[in-house]
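S.K.:
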Amino acid sequence: IRYVKENRGTGRYIKGHITGPVTFAASIKDKDGRSALSYPDLTKAYAKALSIKALWQVRALEKTGKQPIIFIDEPLLSCIGSGLLPIDSHEVTGVLNEVIDYVRQRSEAITGIHCCGKTDWSMIMGSGVDIINFDAFTFQESLFLYSDHLKHFISKGGTIAWGIVPTGEFAGTADIDALYKRLMSGLNRLISLGLDRELVYAASILTPACGMGMMTEKAAEEVFELLSNLSKRMREDIKDAL
Numbered sequence: 002i003r004y005v006k007e008n009r010g011t012g013r014y015i016k017g018h019i020t021g022p023v024t025f026a027a028s029i030k031d032k033d034g035r036s037a038l039s040y041p042d043l044t045k046a047y048a049k050a051l052s053i054k055a056l057w058q059v060r061a062l063e064k065t066g067k068q069p070i071i072f073i074d075e076p077l078l079s080c081i082g083s084g085l086l087p088i089d090s091h092e093v094t095g096v097l098n099e100v101i102d103y104v105r106q107r108s109e110a111i112t113g114i115h116c117c118g119k120t121d122w123s124m125i126m127g128s129g130v131d132i133i134n135f136d137a138f139t140f141q142e143s144l145f146l147y148s149d150h151l152k153h154f155i156s157k158g159g160t161i162a163w164g165i166v167p168t169g170e171f172a173g174t175a176d177i178d179a180l181y182k183r184l185m186s187g188l189n190r191l192i193s194l195g196l197d198r199e200l201v202y203a204a205s206i207l208t209p210a211c212g213m214g215m216m217t218e219k220a221a222e223e224v225f226e227l228l229s230n231l232s233k234r235m236r237e238d239i240k241d242a243l
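Structure representation (structure tokens):
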């Protein structure tokens, strides 16, 4: 926070994130090995605690003078419907809303959900979150299984964060031309749903595919450099197209 205050740059936003309530509760086990998700009241209590943590982070980020974006990190949502987690999509939406609503009612923060695998995206779009962040390099096709929900989400002001630069096993192997082609394919599919081209571009942001906490500093720098170059290329093309 001190660094951002002293080096403001031109960006309007600052991002933070918390572990999501589903992923967090799934990691807490009782003596018989059952996760906290087996206990609805306990899951709700964890969701409330994480809501408070999210708001605390928002308040800290607000001190930079930028608008906070708080992401709820939910990698285990990719297991919903597989029988591996004792919770259904309706319950998932409920605990996600607990965090989203708590933050919204007490701040001007933008909320996002990140899941780096395949999941029921209609469930996440139905949570009322502002931004959906997904691995667009590996799992782009999974998003378009929910085309009607996707069209509605964007039409109502939702944003898609395309995690287009790989951070996993393909990190360091992708080149900007291949990523550009893959990204444009996804954007054009959105337009083919009947969405206005300008709206699709305005509702899209670019990110790494997933977190980089386990990457080396050099590898992380390479991801950001590739992402920055791809963003510049997209901005130039969009400017020409519009």
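Each residue of the sequence shown is one higher than the one before, counting from 2 in my numbering. Even for Gly, the Cβ is constructed at its ideal location relative to N, Cα and C.
Should H91 be labelled buried (16 or more other beta-carbon atoms within 10 Å of its own) or exposed?
M.R.: exposed
S.K.: Can you round the beta-carbon distance between A37 and I71 to whole angstroms, since I take them to be within the 8 Å contact cut?
M.R.: With 8 Å as the limit, A37 and I71 do not qualify as a contact, their Cβ atoms being about 22 Å apart.
S.K.: How about M213 and G159: are their beta carbons less than 8 Å apart?
M.R.: At a Cβ-Cβ threshold of 8 Å, M213 and G159 do not count as neighbours.
S.K.: Give the single residue among Q58, K6 and T120 whose Cα lies nearest to the Cα of I19.
M.R.: Q58
S.K.: Please work out which residues of its chain come closer than 8 Å, Cβ to Cβ, to N98, disregarding the five sequence neighbours upstream and downstream, and give them in chain order.
M.R.: Taken in chain order, the residues that qualify are S128 and G129.
S.K.: What would DSSP say about N134, mapped onto helix, strand or coil?
M.R.: In the displayed model, N134 falls within a strand according to three-state DSSP.
S.K.: Thinking C-beta only, is T24 closer than 8 Å to L77?
M.R.: yes
S.K.: Whole angstroms is fine: what's the gap from V100's alpha carbon to P22's?
M.R.: 8 Å
S.K.: Taking the C-alpha atoms as reference points, what is the distance between L227 and R13?
M.R.: 21 Å
S.K.: Let me make sure I understand the geometry here. Which of Y147, T65, H153 and D197 has the alpha-carbon closest to that of E7?
M.R.: When Y147, T65, H153 and D197 are compared, the shortest CA-CA separation from E7 is found for T65.
S.K.: Evaluate contact between the segment 148-162 and the segment 182-198, counting only Cβ atoms and requiring at least three cross-stretch pairs below 8 Å.
M.R.: Put simply, the segment 148-162 touches the segment 182-198. At least three CB pairs are less than 8 Å apart.
S.K.: Buried or exposed for S28, please, with buried defined as at least 16 other CB atoms from any protein chain shown within 10 angstroms of its CB.
M.R.: exposed
S.K.: Count the other C-beta atoms from every protein chain shown that fall within 10 angstroms of the C-beta of M235, then say buried if there are 16 or more, exposed otherwise.
M.R.: buried
S.K.: From T139 to I133, what does the alpha carbon distance come to, in whole angstroms?
M.R.: Cα to Cα, the separation comes out at about 16 Å.
S.K.: Helix, strand or coil: which one does DSSP assign to T160?
M.R.: In the structure shown, T160 sits in a strand (DSSP, three-state: E or B).
S.K.: Return the first residue and the last residue of the alpha helix (DSSP H) that F72 is part of.
M.R.: Careful: F72 lies outside any alpha helix (DSSP H), inside the beta strand (DSSP E) at Q68 to D74.
S.K.: Any idea if M185 is buried or exposed, counting beta-carbon neighbours within 10 angstroms, 16 or more meaning buried?
M.R.: exposed
S.K.: When the Cα atoms are used, what is the spatial distance from I165 to A175?
M.R.: A direct Cα-Cα distance of roughly 10 Å separates I165 from A175.
S.K.: To the nearest angstrom, report how far apart K30 and T44 are at their CA atoms.
M.R.: 12 Å
S.K.: What does the alpha-carbon distance come out to for the pair F272 and E75?
M.R.: Outside the displayed span of the chain (2 to 243) sits residue 272, for which this structure offers no information.
S.K.: Take A50 as the anchor and find which of V96, E63 and I81 has the nearest alpha-carbon.
M.R.: That would be V96, whose Cα lies nearest to the Cα of A50.
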